[in-house]
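Student:
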Amino acid sequence: MAIKYVDYQKRWNSDGASPWRRWTHWKPLSEAQPPPAPGAYVVGLRLGGGRQLVVPRLLGNDEQGALDIGESGDLLARITSLQGCASGRHARGHMAGWRYRYLRLADKLPVGDLVVAWRLGQDSYLLEAETMVAYVNAFGELPPLNYKANWKLVKEVGGYLAVTRDSITT
């Protein structure tokens with residue numbers, strides 16, 4: 494089987510292109526009200542004037558400014574937990590929010606500038622894996638606040654990571 498070259502950084506960094514189809518637009522974390530439904534989410538940061546933070550990564554610049562990729566069976570509860578941990582209202586409940594606080598990122602990157610986008614889908618774990626694979630293929634590493642990935646759904650295909658039907662086993 495021939496593998497077609499894909500410019501993963503270009504795909505990740507372009508609005509409206511894969512993997513961003515069927516995702517919401519970025520919303521301020523403090524105002525985000527996703528439904529209490531399953532799906533995946535990406536947390537980023539808007540700087541003053543609405544500019545997206547560009548995050549230098551191992552293999553290039555992430556122009557979407559992703560800080561964390563996650564999933565949940567209840568996006569509303571998960572995003573609320575993230576808000577609580579990042580703002581310091583809760584000491585635990587969301588690892589990326591806790592790391593944001595613990596690493597004192599709020600001193601330089603105010604919690605009020607955090608934004609979130611999400612995509613609904615019954616298989617939230619699969620959506621997260623697809624998004625994580627797109628990120629790792631583009632930049633060679635996980636987003637800065639992710640400490641793990643769900644590698645169970647991933648395998649190598651043609652020198653790149655992929656979520657494939659035969660990698661999904663129960």
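Numbering (this note's numbering) for the sequence shown: 494 to 663.
The beta-carbon is built from N, C-alpha and C at its ideal position, and this holds for glycine as well.
Does DSSP put residue 534 in a helix, in a strand, or in coil?
Tutor: Translated into the one-based positions of the sequence shown, residue 534 becomes position 41. In the structure shown, residue 534 sits in a strand (DSSP, three-state: E or B).
Student: For the alpha helix (DSSP H) holding residue 554, just list the boundary residues, first then last.
Tutor: Numbered from its first residue, the sequence shown carries residue 554 at position 61. No alpha helix (DSSP H) holds residue 554; the beta strand (DSSP E) holding it covers 553 to 555.
Student: So, with DSSP's three-state summary, where would you put residue 576?
Tutor: As a first step, residue 576 must be located in the sequence shown, where it is residue number 83. Three-state DSSP puts residue 576 in a helix.
Student: Would you list, in sequence order, the uninterrupted beta strand (DSSP E) runs of no fewer than 3 residues that lie entirely inside the stretch 570 to 646?
Tutor: Taking only runs of at least 3 residues, the beta strand (DSSP E) segments lying wholly in the stretch 570 to 646 are 607 to 613.
Student: Give me the Cβ distance between residue 516 and residue 579, rounded to the nearest whole Å; I'm assuming they're in contact under 8 Å.
Tutor: Counting from one through the sequence shown, the residue named residue 516 turns up at place 23. Counting from one through the sequence shown, the residue named residue 579 turns up at place 86. At roughly 21 Å, the Cβ-Cβ gap does not stay under 8 Å, so residue 516 and residue 579 are not in contact.
Student: Please state whether DSSP places residue 504 in a helix, a strand or coil.
Tutor: Stepping through the sequence shown from its first residue, residue 504 is reached at position 11. Judged by DSSP in its simplified three-state form, residue 504 adopts helix.
Student: Would you mind stating whether residue 594 and residue 581 have Cβ atoms separated by less than 8 Å?
Tutor: Position 101 of the sequence shown, counting from 1, holds the residue named residue 594. Position 88 of the sequence shown, counting from 1, holds the residue named residue 581. Yes, the Cβ-Cβ distance between residue 594 and residue 581 is below 8 Å.
Student: In chain order, what residues of the same chain have a beta carbon less than 8 Å from the beta carbon of residue 585, not counting five sequence neighbours either side?
Tutor: As a working note, residue 585 is residue 92 in the sequence shown. Excluding sequence neighbours, residue 585 sits near 578 and 591.
Student: Beta-carbon within less than 6 Å of residue 548's beta-carbon, same chain only, minus the 5 sequence neighbours each way: which residues are those?
Tutor: Here the question's residue 548 lines up with position 55 in the sequence shown. Same-chain partners within the cutoff: 555 and 558.
Student: How close, in whole Å, do the beta carbons of residue 647 and residue 622 come, if the pair is a contact with beta carbons under 8 Å?
Tutor: Looking up residue 647 in the sequence shown gives position 154. Looking up residue 622 in the sequence shown gives position 129. 6 Å between Cβ atoms; contact.
Student: Leaving out five residues on either side along the sequence, give the residues of the same chain with a beta carbon under 7 Å from the beta carbon of residue 545.
Tutor: Counting from one through the sequence shown, the residue named residue 545 turns up at place 52. Contacts found: 537, 539, 556, 557 and 558.
Student: Within this structure, are the beta carbons of residue 572 and residue 642 separated by less than 8 Å?
Tutor: Translated into positions along the sequence shown, residue 572 becomes position 79. Translated into positions along the sequence shown, residue 642 becomes position 149. No, Cβ-Cβ distance for residue 572 and residue 642 is not below 8 Å.
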